[in-house]
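Undergrad:
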Amino acid sequence: MQRLLVTGGAGFIGSNFVHHVIENTDAHVTVLDKLTYAGNRASLEGLPSDRLRFVEGDIADAELVDGLFADVDSVVHYAAESHNDNSLHDPRPFLDTNIIGTYTLLEAARRHDRRFHHISTDEVYGDLELDDPERFTEQTPYNPSSPYSSTKAGSDLLVRAWVRSFGVRATISNCSNNYGPYQHVEKFIPRQITNVIRGIRPKLYGAGQNVRDWIHADDHSSAVLTILDKGEIGETYLIGADGEKDNKSVVELILTEMGQPADAYDHVTDRAGHDLRYAIDSTKLRTELGWTPAFGDFESGLASTIAWYRDNEAWWASSKDATESFYASKGQ
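In structure tokens form, the structure reads like this:
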């Protein structure tokens, strides 16, 4: 893993991974990012230029991708269109990036025989009932419910097919909801944090009963490194930190941590097709590969995240007004 290509490395989870790799290994990293609205070069500032190369480009550009694969040993594929609301508004970019882009990368991995790790989501499994004692496992059937999750499911299946049909040396991980630094303010947790910082009341979809299994981006990064190092080719690993919280509790925790009354938020129109509950069983990753999360509880990770957004308003301020204007137009 001396030369590593990270697709989508200027995005939220990808940039956290790049920081983690630079800080914890000796690897040289090439980042390929299209720099859509969700990518931000500023997320990579401060990293050593002698170990980080940035390339602006599209993962569906086969010629560009082929040249990059020739110069690396391993690839971690984060690049994706990933926002459910956006996929409901305009599904096409999700097909272009999540399906065609992944296909393009897999073909390059096949030609150059590169180790390939594919980042996916627990949303490919659909959702669980609120009172269901079960959690998602590697054997859970796929049941996606949005253009976003269905295209991610499709990309997972492409990876599995390229492993079986062409011998591509690939692994897959499906992760629960991430939070932490460098996340775009359109997303649930940073939106509420930055609302409070700006003196705006947080917004809660519907009754706020929807449950998500939260994991700090640092823990996701350490899990991916573990899989890249120890994972068995062709296998899927679920990444989770036992962080189940309903959205109402998350908003109230944010408000309390930021010195506001716990009920100082507004209910807004629920999202179409809003999945009820996600829950990850990461037993396989923990027992077979020996991984454990560093953030032992959601509250400590949330406090660290709030502090980051307070200290880095220059990073998110330029996106905030446009994001809130968009949601206001939808009554959210």
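Residue numbers (my numbering): -2 to 329. All C-beta atoms in this analysis are idealised placements derived from N, C-alpha and C, irrespective of residue type, glycine included.
How is the alpha helix (DSSP H) around Ala59 delimited, first residue to last?
TA: Element bounds for Ala59: Ala59 to Phe66.
Undergrad: Cβ of His109 within 7 Å of Cβ of Val73?
TA: No, the Cβ-Cβ distance between His109 and Val73 is not below 7 Å.
Undergrad: Just to confirm, are Ser279 and Gly237 a CB contact at a threshold of 7 Å?
TA: Cβ distance < 7 Å, so Ser279 and Gly237 count as in contact.
Undergrad: Would you mind reading off the limits of the alpha helix (DSSP H) that contains Trp312?
TA: Trp312 -> alpha helix (DSSP H) spans Glu310 to Ser326.
Undergrad: Can you say whether Asn21 is buried or exposed, counting buried as having 16 or more other CB atoms within 10 angstroms of its CB?
TA: By the 10 Å Cβ count, Asn21 comes out exposed.
Undergrad: Under a Cβ-count criterion, where at least 16 other Cβ atoms within 10 Å of its own Cβ denotes burial, should Arg341 be classed as buried or exposed?
TA: What is shown of the chain runs -2 to 329, which leaves residue 341 out entirely.
Undergrad: Please report the distance separating the alpha-carbon of Leu85 from that of Glu53.
TA: One C-alpha to the other measures close to 27 Å.
Undergrad: Pairs of beta-carbons, one from the region 89 to 107 and one from the region 135 to 153, closer than 8 Å: are there three or more?
TA: The answer is yes - the region 135 to 153 touches the region 89 to 107, with three or more Cβ pairs under 8 Å.
Undergrad: Distance check for Gly231 and Ile251, CA to CA, integer angstroms please.
TA: Approximately 39 Å between the Cα atoms of the pair.
Undergrad: Go through the region 159 to 237 residue by residue and report every complete run of the alpha helix (DSSP H) that reaches 4 residues or more, in order.
TA: List check, alpha helix (DSSP H) in window: 185 to 195 and 214 to 227.
Undergrad: With a cut-off of 8 Å, do at least 3 Cβ pairs link the region 122 to 136 to the region 269 to 283?
TA: With the cut-off at 8 Å, the region 122 to 136 and the region 269 to 283 touch.
Undergrad: Quick one: what's got a C-beta closer than 6 Å to Ser40's C-beta in the same chain, skipping five residues either side?
TA: Result list for Ser40: Ala7, Ser12 and Tyr179, in chain order.
Undergrad: In chain order, what residues of the same chain have a beta carbon less than 7 Å from the beta carbon of Glu131, not counting five sequence neighbours either side?
TA: Result list for Glu131: Leu125, in chain order.
Undergrad: Which parts of the region 32 to 111 are runs of the beta strand (DSSP E), unbroken and 3 residues or longer, counting only runs that do not cross its ends?
TA: You should have 49 to 53 and 71 to 74.
Undergrad: According to DSSP, simplified to helix, strand and coil, what is Ser143?
TA: Coil at Ser143, not helix or strand.
Undergrad: What does a CB cutoff of less than 6 Å around Gln189 pick up in its chain, not counting 5 residues either side in sequence?
TA: Around Gln189: Pro199, Val248 and Ile251.
Undergrad: In terms of residues, what are the limits of the alpha helix (DSSP H) holding Arg132?
TA: Careful: Arg132 lies outside any alpha helix (DSSP H) and carries neither H nor E.
Undergrad: Would Asp267 and Gly203 be called neighbours here (beta carbons separated by less than 7 Å)?
TA: Closer than 7 Å, so yes.
Undergrad: How long is the line joining the alpha carbons of Arg38 and Leu44, rounded to whole angstroms?
TA: Those two C-alpha atoms are separated by around 11 Å.
Undergrad: Taking Ile197 as the reference, give the member of Lys184, Asn207, Asp263 and Arg166 with the closest Cα.
TA: Of the candidates Lys184, Asn207, Asp263 and Arg166, the one whose C-alpha sits nearest the C-alpha of Ile197 is Asp263.
Undergrad: Less than 7 Å between the beta carbons of His181 and Ala325, yes or no?
TA: Cβ atoms of His181 and Ala325: not closer than 7 Å.
Undergrad: If you compare alpha carbons, which of Thr33, Ser246 and Val193 is closest to Gln257?
TA: Checked all of Thr33, Ser246 and Val193; the closest Cα to Gln257 is Val193.
Undergrad: Where Phe66 and Glu135 are concerned, what is the direct C-alpha to C-alpha distance, given to the nearest angstrom?
TA: Going from the Cα of Phe66 to the Cα of Glu135 covers about 29 Å.
Undergrad: Is it the case that the Cβ atoms of Ile169 and Ser219 are separated by a distance below 7 Å?
TA: No, the pair does not count as a contact, with Cβ atoms beyond the cut-off.
Undergrad: Let's see if you can read the secondary structure: which residues bound the alpha helix (DSSP H) around Arg274?
TA: No alpha helix (DSSP H) contains Arg274, which DSSP labels as neither H nor E.
Undergrad: If the criterion is Cβ atoms closer than 7 Å, does the pair His17 and Arg0 meet it?
TA: Cβ distance not < 7 Å, so His17 and Arg0 don't count as in contact.
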